[in-house]
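Working notes, beginning with the structure itself.
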């Protein structure tokens, strides 16, 4: 079979980004006791991930513009992300972020890293960037048929890319990452909780660590065989 392109879909927090950037946005900039109460409700499944995220961000003392600036200053991108992306783009493929997070902290991190060509699928804050919470939210990459209230349907993002070629998913979490790895991706690179889940449940996944060397090697092998140089 001739594959026309290879596409890579990254989870953001803890995968493409080396830290949980979303947590950096509200930790120490909210009432910690109220955040802990919201966390307990989420852990006990009284609220969904989307509801929890809205609840804690609406506790913030900052507007999105302020959080965007901090994200760019504090967050880092995993080494070899540029090389993976450039190789995919040279082959005619697409690089995307599929995240349960919010666009106002993802976009500035990518822009600072000169990776603003990456397509972002995430929740959005549609309030004015200078307004304090409560914020208004939008979820353009949600799928009503998705079983979890996970902000973004990563399976939908992956399946929309499949007509163009193979889709590689890179993630580290549970919930939507597990769903994408189990039900949609052609190839999975995993770390953390996602890797543990895949190993325990017989889902083929290759580990990535401090950098994306395994992902780059795979993309290079696939694009070279497809004629990309």
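Residue numbers (our numbering): 12 to 240. From the three backbone atoms N, C-alpha and C, an ideal C-beta is built for every residue, glycine too.
For residue 158, the secondary structure class from DSSP, reduced to helix, strand or coil, is coil. Taking 4 residues as the shortest admissible run, the segment 27 to 86 contains the following complete alpha helix (DSSP H) segments, listed from N- to C-terminal end: 32 to 37, 43 to 54, 60 to 68, 75 to 85. The continuous beta strand (DSSP E) containing residue 107 extends over residues 106 to 113. Closest option to residue 224, judged by alpha-carbon separation, among 152, 146, 214, 94: 94.
Per DSSP, the unbroken alpha helix (DSSP H) holding residue 187 starts and ends at 187 to 194. Taking C-beta atoms as the reference points, residue 159 and residue 209 fail to come closer than 8 Å. In this structure, the alpha-carbon of residue 149 lies about 16 Å from that of residue 59.
Annotated three-state conformation of residue 228 is helix, per DSSP. Rounded to the nearest whole angstrom, the CA to CA distance from residue 83 to residue 113 is 14 Å.
Counting C-beta pairs closer than 8 Å gives fewer than three between the segment 210 to 220 and the segment 120 to 137, which falls short of the contact rule. In this structure, 165 is the residue among 68, 39, 165, 194 with its C-alpha nearest to the C-alpha of residue 110. Residue 28 is a Cβ neighbour of residue 120, given a cutoff of 8 Å.
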